[in-house]
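The structure appears below as structure tokens.
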Amino acid sequence: MYRSIACFFTAFFMCAAFVQAQPNSSIAATPPMGWNSYNCYGSAVHEDEVKANADYVAQHLMQYGWQYIVVDFLWSYDNPPGSTIGNPFQRNLEDGSFVPWLTMDAYGRLLPQPNKFPSAFGGKGFKPLGDYIHSLGLKFGIHVMRGIPRQAVWAKTPVLGTKGITADMIADTSSTCAWMNHMNGLNMLKPGAQEYLNSILALYSDWGVDFIKVDDISREYSTLEIEGYKKAIDNTGKNIVLSLSPGATPLVKAQHLTQYANMWRMADDFWDNWKEILQMMKFAKQWQGIGGPGHWPDCDMLQAGKLSKRGPVGPERYSRFTVDELYTHITFWSLYRSPLMLGGNLPENRPIEEKLFTNPEVIAVNQQGSSPRELYKNDNSWVWISNAPGGGWYIGLFNIGEQAHSVNIDAAQLGIKTKFTVRDIWKQADLGQFKKTFGQNIPPHGCMLLKVAALR
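Below is the structure:
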């Protein structure tokens with residue numbers, strides 16, 4: 017009897033823990049779509065530039081589903097001339113404090129730097145900017161670094177919501193980011209660590225943040241801190257998207273990710289180089305079958321439009337992708353159901369970017385498809401497929417070779433025993449009925465995006 021009672025309570029608590037860890041698929045039920053400041057402004061975006069891109073999205077892209085405006089990293093840092101991203105401050109030789117001092121409140125929570133974000137002056141934080149973005153009908157996001165500021169540890173700032181616990185008591189000073197020196201990790205086993213995360217998420221919630229991208233957390237994989245951020249988000253009662261960066265995120269963590277994160281990077285930063293598209297497709301193959309409502313493997317931002325205006329990689333330029341490569345880039349990200357985050361400076365878009373970002377049928381592939389997967393691959397061709405709502409398939413034909421050639425699909429590969437219809441999604445045009453096979457001559461690095469349905 018006692019064993020039965022013990023087994024009952026063991027099973028009860030295991031089930032309770034399982035229920036508690038389930039993802040909320042209503043958050044990021046489809047892949048998030050929006051704009052991120054990193055690819056065009058690095059660590060130095062200013063408030064007027066964020067607003068200009070938000071205005072563009074509201075006027076030109078929101079009707080197609082684009083909605084998030086995300087301020088990327090180092091928004092608490094002033095970026096003085098000669099500064100470097102990796103080493104934003106050094107020790108003061110007199111007292112050991114950090115120079116320059118990041119903008120921070122009395123509880124060790126970083127605040128936007130007013131020289132970059134004038135509306136934050138007087139401790140208002142990102143609330144005025146968040147209110148502006150929300151007034152356009154859009155959603156607001158920010159980038160944060162994992163952990164707690166080293167300057168908070170030095171200053172021994174109190175942890176909001178605790179009695180007598182200070183930043184130095186919860187920091188893991190052995191845990192630092194290899195490429196950014198202003199944070200320590202959190203020792204989530206220490207009293208007060210979860211309260212610190214609760215306090216920063218409460219602040220972000222007050223600002224109206226709908227999306228947080230947590231960096232330096234997915235590689236190396238910081239299990240307890242990821243769980244801590246998810247718990248802190250849940251504590252706000254708000255639907256805040258949790259994005260993890262950078263990759264390569266360990267594939268063995270897939271089950272944990274689907275429970276605690278809404279999107280996560282499959283690879284390190286993606287840039288405008290053809291070989292990186294091919295590598296991303298390889299990463300996607302490893303992760304196929306994992307994505308779904310509330311949790312999405314992330315191919316990284318879209319490298320289209322005006323890039324690197326103020327860093328971070330290479331000179332200011334329009335994307336180095338050819339037109340054919342741009343179509344392949346957008347097509348694969350859409351077909352794979354990756355989150356779609358625009359990386360270029362949108363007010364400088366050309367007609368090609370406008371065309372790439374405003375095709376409702378392409379966006380439907382990303383938002384409405386299901387089970388994206390590789391159909392077949394050889395030395396020169398790569399074909400991917402996903403299920404279309406109501407029947408049929410979305411199919412991407414990719415020429416990954418260096419010469420133009422025909423890329424084909426056979427009815428037998430799809431289990432079709434009758435004729436089938438083919439629609440060119442980019443051209444929004446029906447191509448007719450076909451039997452047994454369909455093929456098209458595609459230029460090198462180019463693609464076609466099709467909708468195929470069997471005739472009854």
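Taken in order, the sequence shown gives residues 17 to 472; the numbers are from this note's numbering.
The C-beta atom is built at its ideal place from N, Cα and C for all residues, glycine as well.
Predicted model only: the values in this text are computed from it and were never measured.
Return the CA-CA distance between residue i and residue j, expressed in angstroms with no decimal places.
i: T173; j: T119; result: 14 Å
i: V491; j: A70; result: No answer is possible for residue 491: the residues shown for the chain start at 17 and end at 472.
i: F348; j: K298; result: 12 Å
i: M161; j: I432; result: 50 Å
i: L351; j: T46; result: 13 Å
i: L154; j: D340; result: 31 Å
i: N403; j: P266; result: 27 Å
i: K206; j: P355; result: 34 Å
i: E65; j: M49; result: 19 Å
i: P459; j: E364; result: 28 Å
i: N255; j: P388; result: 26 Å
i: M357; j: D111; result: 42 Å
i: G359; j: K179; result: 43 Å
i: R333; j: K325; result: 7 Å
i: D184; j: V169; result: 4 Å
i: W117; j: K247; result: 29 Å
i: Y72; j: W398; result: 35 Å
i: S135; j: D94; result: 15 Å
i: G321; j: R366; result: 7 Å
i: S41; j: M296; result: 25 Å
i: V9; j: A469; result: No statement about residue 9 is possible, as the shown extent of the chain runs from 17 to 472 and does not include it.
i: L294; j: F137; result: 45 Å
i: N382; j: Q167; result: 42 Å
i: E243; j: L217; result: 13 Å
i: G253; j: R125; result: 20 Å
i: R107; j: E236; result: 26 Å
i: A300; j: M282; result: 7 Å
i: D475; j: Q319; result: A query on residue 475 cannot be resolved here, the shown segment of the chain reaching from 17 to 472 and no further.
i: D385; j: A171; result: Going by the sequence as given, residue 385 is Gly instead of Asp. Those two C-alpha atoms are separated by around 51 Å.
i: I186; j: D121; result: 17 Å
Tell me whether the beta-carbon of residue i lies closer than 9 Å to the beta-carbon of residue j.
i: L202; j: A209; result: yes
i: G139; j: L127; result: yes
i: V476; j: G146; result: Absent from the model: residue 476. The displayed extent of the chain is 17 to 472, so no value can be given.
i: N55; j: M317; result: yes
i: S59; j: L90; result: yes
i: L465; j: Q449; result: no
i: N375; j: W442; result: yes
i: W400; j: K467; result: no
i: N52; j: D88; result: yes
i: A68; j: L362; result: yes
i: L372; j: L323; result: no
i: Q456; j: L413; result: yes
i: D314; j: S261; result: yes
i: T344; j: H421; result: no
i: I164; j: Y220; result: no
i: E377; j: Q444; result: yes
i: G81; j: H150; result: no
i: Y245; j: V175; result: no
i: G308; j: I101; result: no
i: T338; j: I306; result: no
Report the option in the options whose CA atom is closest to the CA atom of residue i.
i: Y57; options: Y123, L145 and V329; result: V329
i: T453; options: D440, N424 and W442; result: N424
i: S234; options: S92, L447, V268 and K371; result: V268
i: E336; options: E292, K371, C315 and G310; result: The question names Glu, but residue 336 is Arg in the sequence shown. Closest by alpha carbon: E292.
i: S240; options: D314, E332, P309 and A277; result: The question names Ser, yet the displayed sequence has Leu at residue 240. Ranking the options by Cα distance to L240, first place goes to A277.
i: F142; options: A168, I228, A248 and Q106; result: I228
i: V257; options: W287, A445 and Y84; result: Y84
i: D188; options: N200, I181 and T182; result: N200
i: N197; options: V115, D440 and D121; result: V115
i: F286; options: G305, K435 and A264; result: A264
i: P144; options: S92, E63, L217 and P97; result: E63
i: K435; options: D288, I186 and K451; result: K451
i: I43; options: I306, Q319 and S259; result: S259
i: P331; options: D288, L77, Q75 and P97; result: D288
i: R270; options: Q302, I181 and D284; result: It is Ala, not Arg, that sits at residue 270 in the sequence shown. Here the closest residue by C-alpha is Q302.
i: G177; options: M78, H159, S215 and S190; result: S215
i: G310; options: H272, I346 and P96; result: H272
Sort out for me which residues DSSP pairs residue i with in a bridge.
i: L318; result: L358
i: D231; result: M161
i: W398; result: K393 and F414
i: D250; result: Partner(s): none; D250 has no beta bridge.
i: C463; result: F414
i: F156; result: I85 and V225
i: V257; result: F227
i: P174; result: T182
Enumerated in chain order, which unbroken segments of the alpha helix (DSSP H) with a length of 4 residues or greater are wholly contained in the segment 74-115? none
Segments of 3+ residues assigned as beta strand (DSSP E) that fall wholly inside the segment 403-458: 409-415, 421-426, 436-440, 445-450 and 453-458
Length at least 4, wholly inside the segment 271-324: the alpha helix (DSSP H) runs in chain order: 290-303
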